[in-house]
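Worksheet: the structure to be examined is printed underneath.
Okay, here's the thing in structure tokens:
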């Protein structure tokens, strides 16, 4: 009886302190879809090597989802401990279950800003050079849960076009993630498409960071094949999120590890972020309220 009482007491203490068995054994990283899976796993490999000793876990596991929603559902279900989301994907999690995850950090661009842009591109030989030229054309979006690839264009393009998008273009569709969307534009499946970039540096280089830059660095995109048709207002950089129910000691250790990463291992930092950034800055849910409100008003949860 005494043994049962002690075990029950220990279980209650563990629950009260937010300590879960999986926190002590395995740390699970969700990786958004939209890029070649092998590339995503390679980019995050450094995390599997460094984090076990930092967090005191036996292993760090990577879970590359086929699309954005795969990571969203993993976070909502409590089967992932950390992920880096776009602002719209975070809004989807928040609207479904506000206490599922905590946004703790976001990236800072090399110019000091904490934002990036939705960028519409078209083939250079398409004859499309400005936003008005997409009238009657096929427009591609990256992913339904992408901020830059769908939500922001959905909200801001009507003002730029003077009419709802569907009244201007011939058709719209999704490219299956940012990388594939751009490849489909190059192939001619779409006449134009929306992706993301820092807006810092030169378009001819794919900017300093973002999907275009990652594709250039991998050798699968020649920027001479594309033109920039439109650029959105500044979008808040997406958050680093952690599972809310994770124990506080692990949260603190992980957050400090990430804050130190740009200096402790610049190559790892650049690999997981996809380009050049100055570092991280702390954020909370208030930073994303405009995006949460925009998603709620347009796409919904």
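Residue numbers (mature numbering (1 follows the signal peptide of the UniProt record, and there is no 0)): -21 to -1, 1 to 280.
Glycine included, every Cβ here is placed at the ideal spot set by N, Cα and C.
Quick caveat, the model's predicted, so the values are computed rather than measured.
query                                                                                                                             : result
Residue 168 to residue 247 span [Cα, whole Å]                                                                                     : 34 Å
Beta-carbon contacts of residue 253 that lie in its chain and below 8 Å, excluding the five residues immediately before and after : 22, 188, 189, 190, 192, 193
Nearest candidate by alpha-carbon position, reference residue 158, set 15, 9, 6, 5                                                : 15
Completely contained beta strand (DSSP E) runs for the segment 187 to 268, where each covers 3 or more residues                   : 205 to 210, 218 to 222, 258 to 261
N- and C-terminal bounds of the alpha helix (DSSP H) containing residue 135                                                       : 131 to 140
Span of the alpha helix (DSSP H), counted from its first residue to its last, around residue 31                                   : 16 to 34
Distance between residue 134 and residue 114 (C-alpha atoms, nearest Å)                                                           : 18 Å
Distance between residue 117 and residue 99 (C-alpha atoms, nearest Å)                                                            : 12 Å
Nearest neighbour of residue 105, chosen from 17, 207, 72, 29 [CA to CA]                                                          : 207
Short Cβ contact (9 Å threshold) for residue 161 with residue 67                                                                  : no
The segment 143 to 155 / the segment 196 to 211 touching (three or more Cβ pairs under 8 Å)                                       : no
Residue closest to residue 211, alpha-carbon to alpha-carbon, out of 219, 63, 110, 195                                            : 110
Exposed unless 16 or more other CB atoms sit within 10 angstroms - verdict on residue 263                                         : exposed
9 Å Cβ cutoff met for residue 178 and residue 73                                                                                  : no
First through last residue of the beta strand (DSSP E) which encompasses residue 5                                                : 5 to 10
Nearest neighbour of residue 236, chosen from 88, 83, 90 [CA to CA]                                                               : 83
C-alpha gap between residue 185 and residue 174, whole angstroms                                                                  : 11 Å
Length of the line joining the Cα atoms of residue 89 and residue 181                                                             : 13 Å
Closest Cα partner of residue 257 within the set 54, 46, 94, 108                                                                  : 94
Stretch-stretch touch, CB-based, cutoff 8 Å, three pairs: the segment 220 to 227 with the segment 54 to 64                        : yes
Close Cβ partners of residue 213 (< 6 Å) along its chain, the five nearest in sequence each way excluded                          : 94
Where the alpha helix (DSSP H) containing residue 166 begins and where it ends                                                    : 157 to 166
Beta-carbon gap between residue 164 and residue 176 smaller than 9 Å                                                              : no
Counted within 10 angstroms of its Cβ, other Cβ atoms place residue 243 as buried (16 or more) or exposed                         : exposed
Stretch pair the segment 227 to 234 + the segment 40 to 58: three plus CB contacts closer than 8 Å                                : no
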